[in-house]
Amino acid sequence: MSYQYDLFVIGAGSGGVRAARMSARFGARVAIAEDRYLGGTCVNAGCIPKKLLVYAAHYAEDFEDARAFGWSGINPEFDWRTLVANKDQEIRRLNGIYRNLLQTAGVEVINGRAVLQDPHTVMVGDRSYTAERILIATGGRPYLPDIPGKEHVITSDAAFHLEQLPKQIIIVGGGYIAVEFAGIFNGLGVETTLLYRGELFLRGFDAETRHFLAEQIRKKGIKLLFNTNLTQVRKAGLEYAVRTTTGEELPADAIMYATGRVPNIENMGIAELGLVLNKKGALVVNADYQTSSPTIYAIGDVTDRYNLTPVATAEGTTFARNQFSTQALRVDYHNIPTCIFSQPNMAMVGLTEEQAREQNLDPVIYKTTFTPLKHTLTKNPEKTFMKLIVDRATDRVLGAHMVGAEAGEIIQGIAIALNTGVTKAQFDATIGIHPTLAEEFVTMREPAAP
Ligand code: NDP
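Numbering (my numbering), first residue to last: 2 to 451.
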């Protein structure tokens, strides 16, 4: 049987675009369908615009810190609309780049919603397309629990396009998005409260590091209410009133939910074809990204495993190589570094102290807390924290954690070392770059008291 395409990709986000481009480079005939925006969540409503807003927010304390370095006459005014317009212009540029990349690679770009008809056929509008393989890379979208007054709340999607900056915002959730947006709004001068239902936000990350971040964030002026959830939102004049599980009623003129994301699988024929989903509604795939229908594959957030852009692109690369080249590959899911772009950043790679103990390893802990050189002159109370988890038996560094300026940049380098099985002795033998924050990672000599 001959098909129009070797590969039909549904979803032009990070994973889908990478898979489509690379497959085409390997000689495959490829089409990609997208019904929203090229570049997916990362480019349009995620990593990229978020990081631009993080930069914007950070200026507030940069201006303040500058006074200690002799700068005066600083009286800046912030205009939200200018920021949103500039960010949107950059996103449009990126959308164009994505289109060019796909077209240059010889991928046919189809605008519209793709609906699976059978294991080799997809409909977009009233046109049908056949392909030997179909790849689903439709990502995820914000999850909003059912709460009274839900119509009054926004998610990160809308937060990127607010008409105006609120004066007071309540953010619900304790994951990446809640913590990052709390830092953004607070930096931009919004009175910010974060409600998290558990004891301490960022569940799953290193406990001591989370505590340290909470302390830094509180110092920046964000109100952190843990063991607290929202029970109801109601309109109160021009604002909203938020009722909490602790019986408080809090005013706000915006309420943002950041309570996780769910896979995008609706109305695309997945249920009709009977593809196997897990409890969270994500597509179940094997090690080759094959769904329960052997010619249909899935990568990225729609499989809800490691919902990170670089993982989706790695899966796209791997899929393309395995299907259309002779260079078989497997993604190494160990030691995936990650960063929460809070203010300051929190980044990590490898095991947390808790995970090392759960795995019955005997971890030796090295840690340091210090005032960054920059803030020896300023009144900024921000401190930096670093922690290494080392296996006593082998001296291998199992995990590295940091809260501090540019922690994401620093941990990225350390992730390379961890992937090569670096030992603490090799950290110690590495000469530092002085004066940097990062050099502290190679100068922690004494283990912390158990
Ligand atoms: P996360 O899964 O990280 O966090 C969800 C948060 O919402 C948790 O704190 C969770 O609490 C809480 N929550 C879930 N359901 C409810 C509920 N019904 N009521 C109250 N609270 C609830 O999701 P995010 O939305 O923050 O981010 C989605 C994903 O996007 C992340 O997992 C990450 O993979 C990715 N991402 C990555 C970024 C980066 O790399 N910098 C940035 C942004 C997103 P509990 O802990 O108790 O379950």
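Yeah, the Cβ is synthetic: ideal placement off N, Cα and C, and Gly gets one too.
Bear in mind that the values here come from a model prediction, so they are computed numbers and not experimental data.
Would you list, in sequence order, the uninterrupted alpha helix (DSSP H) runs of no fewer than 4 residues that lie entirely inside the region 55-115?
-> 81-105
Relative to the C-alpha of ILE266, which residue among ALA115, ALA418, VAL85 is closest?
-> Looking up residue 266 in the sequence shown gives position 265. Nearest C-alpha to ILE266: ALA115.
Minimum C-alpha distance to MET403 - residue among ASN381, ALA57, THR369 | Against the sequence shown, residue 403 aligns to sequence position 402. Taking only the C-alpha atoms, the option nearest MET403 is THR369.
Can you name, in chain order, every residue of its own chain whose Cβ lies under 6 Å from the Cβ of PRO264, other than the five neighbours on each side?
-> Along the sequence shown, one-based indexing puts residue 264 at 263. Here the set comprises GLY141, GLY282, ALA283, VAL303, ASP305.
Go ahead and label MET445 buried or exposed: buried means 16 or more other beta carbons lie within 10 angstroms of its beta carbon, across all protein chains shown.
-> Working through the sequence shown from its first residue, we reach residue 445 at position 444. By the 10 Å Cβ count, MET445 comes out buried.
Helix or strand or just coil, what does DSSP make of VAL31?
-> In the sequence shown, counting from the first residue as 1, residue 31 sits at position 30. In this structure, VAL31 counts as strand in the three-state DSSP scheme.
Do you know how far the Cα of ALA46 is from the Cα of GLU91?
-> In the sequence shown, counting from the first residue as 1, residue 91 sits at position 90. In the sequence shown, counting from the first residue as 1, residue 46 sits at position 45. Straight-line Cα distance between these residues: approximately 12 Å.
Under 9 Å between the Cβ atoms of ILE148 and THR245?
-> Counting from one through the sequence shown, the residue named residue 148 turns up at place 147. Counting from one through the sequence shown, the residue named residue 245 turns up at place 244. It is not a contact, given that the beta carbons lie outside the stated cut-off.
CA nearest to the CA of LEU102, picked from GLY17, ALA215, GLY199 | By one-based count along the sequence shown, residue 102 stands at place 101. That would be GLY17, whose Cα lies nearest to the Cα of LEU102.
Who are the Cβ neighbours of GLU200 in its own chain at under 8 Å, not counting the five residues just before and after it?
-> The residue you call residue 200 lines up with position 199 of the sequence shown. Same-chain partners within the cutoff: PHE227, ASN228.
Note down the Cα distance separating LEU378 from PHE70, rounded to an integer number of angstroms.
-> To locate residue 378, count along the sequence shown from 1; it is residue 377. To locate residue 70, count along the sequence shown from 1; it is residue 69. Cα to Cα, LEU378 sits roughly 7 Å from PHE70.
What do you reckon, is the C-beta of PRO149 under 8 Å from a heavy atom of the ligand NDP?
-> Residue mapping note: residue 149 aligns to position 148 of the sequence shown, counting from 1. Outside the cutoff, so no.
Of all the options ASP207, ASP158, ARG262, which has the alpha carbon lying nearest to the alpha carbon of ALA357?
-> Here the question's residue 357 lines up with position 356 in the sequence shown. Considering only alpha carbons, the answer is ASP207.
Please state whether DSSP places GLU250 in a helix, a strand or coil.
-> Working through the sequence shown from its first residue, we reach residue 250 at position 249. Strand.
Closest by C-alpha distance to ALA58, when choosing among GLU250, ALA253, PHE320, LYS221 | Within the sequence shown, the letter at position 57 stands for residue 58. Comparing Cα-Cα distances from ALA58 to each of GLU250, ALA253, PHE320, LYS221, the minimum goes to LYS221.
Residue span of the alpha helix (DSSP H) that contains ALA315, given as start and end = Residue mapping note: residue 315 aligns to position 314 of the sequence shown, counting from 1. Start and end: 310-325.
Measuring from the CB of ALA179, is there a heavy atom of the ligand NDP at a distance below 8 Å?
-> Residue numbering aside, residue 179 sits at position 178 when the sequence shown is read from its first letter. The answer is yes for ALA179.
Do you know offhand how far PRO77's Cα is from GLY400's?
-> Position 76 of the sequence shown, counting from 1, holds the residue named residue 77. Position 399 of the sequence shown, counting from 1, holds the residue named residue 400. Between PRO77 and GLY400, the C-alpha separation is close to 41 Å.
Alpha carbon to alpha carbon, how far is TYR144 from THR314?
-> Counted from its first residue, the sequence shown places residue 144 at position 143. Counted from its first residue, the sequence shown places residue 314 at position 313. Taking the straight line joining both Cα atoms gives about 23 Å.
Buried or exposed by the 16-neighbour rule on C-beta atoms within 10 Å, applied to LEU239 = Translated into positions along the sequence shown, residue 239 becomes position 238. Exposed, since its Cβ has fewer than 16 Cβ neighbours within 10 Å.
Meets three-Cβ-pair contact criterion under 8 Å: the region 104-120 and the region 14-34 = yes
Would you kindly report the start and end of the unbroken alpha helix (DSSP H) that includes LYS425?
-> The residue you call residue 425 lines up with position 424 of the sequence shown. 425-430 is the span of the alpha helix (DSSP H), which, as asked, contains LYS425.
According to DSSP, which residues form a beta bridge with PRO143?
-> Here residue 143 corresponds to residue number 142 of the sequence shown, with the count starting at 1. ARG262.
Taking 8 Å as the cut-off, does the CB of LEU309 come closer than this to any heavy atom belonging to the ligand NDP?
-> One-based indexing of the sequence shown puts residue 309 at position 308. Result yes, Cβ under 8 Å from the ligand NDP.
Would you check if the region 335-344 and the region 409-423 touch, i.e. whether three or more CB-CB distances between them fall below 8 Å?
-> yes
8 Å contact criterion, which LYS384 and THR372 should meet: CB distance rounded = As a first step, residue 384 is located in the sequence shown; it is residue number 383 there, counting from the start. As a first step, residue 372 is located in the sequence shown; it is residue number 371 there, counting from the start. Between THR372 and LYS384 the Cβ distance is about 6 Å, and since that is below 8 Å, they are a contact.
May I ask you to report which of helix, strand or coil DSSP gives GLY126?
-> By 1-based counting over the sequence shown, the position of residue 126 is 125. Coil.
State the beta-bridge partners of ASN287 as determined by DSSP.
-> Your numbering for residue 287 matches position 286 in the sequence shown. According to DSSP, ASN287 bridges with nothing at all.
Among ARG397, PRO382, GLY126, PHE386, which has the Cα closest to the Cα of LEU362?
-> The residue labelled residue 362 in the question sits at position 361 within the sequence shown. Residue ARG397 is the option with its Cα nearest to LEU362.
In or out: ILE417 buried (at least 16 other Cβ within 10 Å) or exposed?
-> Position 416 of the sequence shown holds residue 417. When all chains shown are included, ILE417 counts as exposed.
Beta-carbon proximity of ALA61 to PHE79, cut-off 9 Å = Start at 1 with the first residue of the sequence shown, and residue 61 comes out as number 60. Start at 1 with the first residue of the sequence shown, and residue 79 comes out as number 78. Yes. Within cutoff.
Determine the direct distance from the alpha carbon of TYR38 to that of ARG94, and round the result to whole angstroms.
-> Here residue 94 refers to the residue found at position 93 of the sequence shown. Here residue 38 refers to the residue found at position 37 of the sequence shown. Distance between the alpha carbons of ARG94 and TYR38: 12 Å.
Spell out a yes or no on whether the region 161-178 and the region 321-333 are touching, meaning 3 or more CB-CB pairs, one atom from each, closer than 8 Å.
-> no
Within the present structure, is the beta-carbon of LYS280 separated from the nearest heavy atom of the ligand NDP by less than 8 Å?
-> Indexing the sequence shown from 1 puts residue 280 at position 279. No, the Cβ of LYS280 stays beyond 8 Å of every heavy atom of the ligand NDP.
Return the CA-CA distance between LEU53 and TYR4, expressed in angstroms with no decimal places.
-> The residue you call residue 53 lines up with position 52 of the sequence shown. The residue you call residue 4 lines up with position 3 of the sequence shown. Taking the straight line from one Cα to the other gives about 43 Å.
Could you tell me if the beta carbon of VAL110 falls within a distance shorter than 8 Å of some heavy atom in the ligand NDP?
-> Looking up residue 110 in the sequence shown gives position 109. Outside the cutoff, so no.
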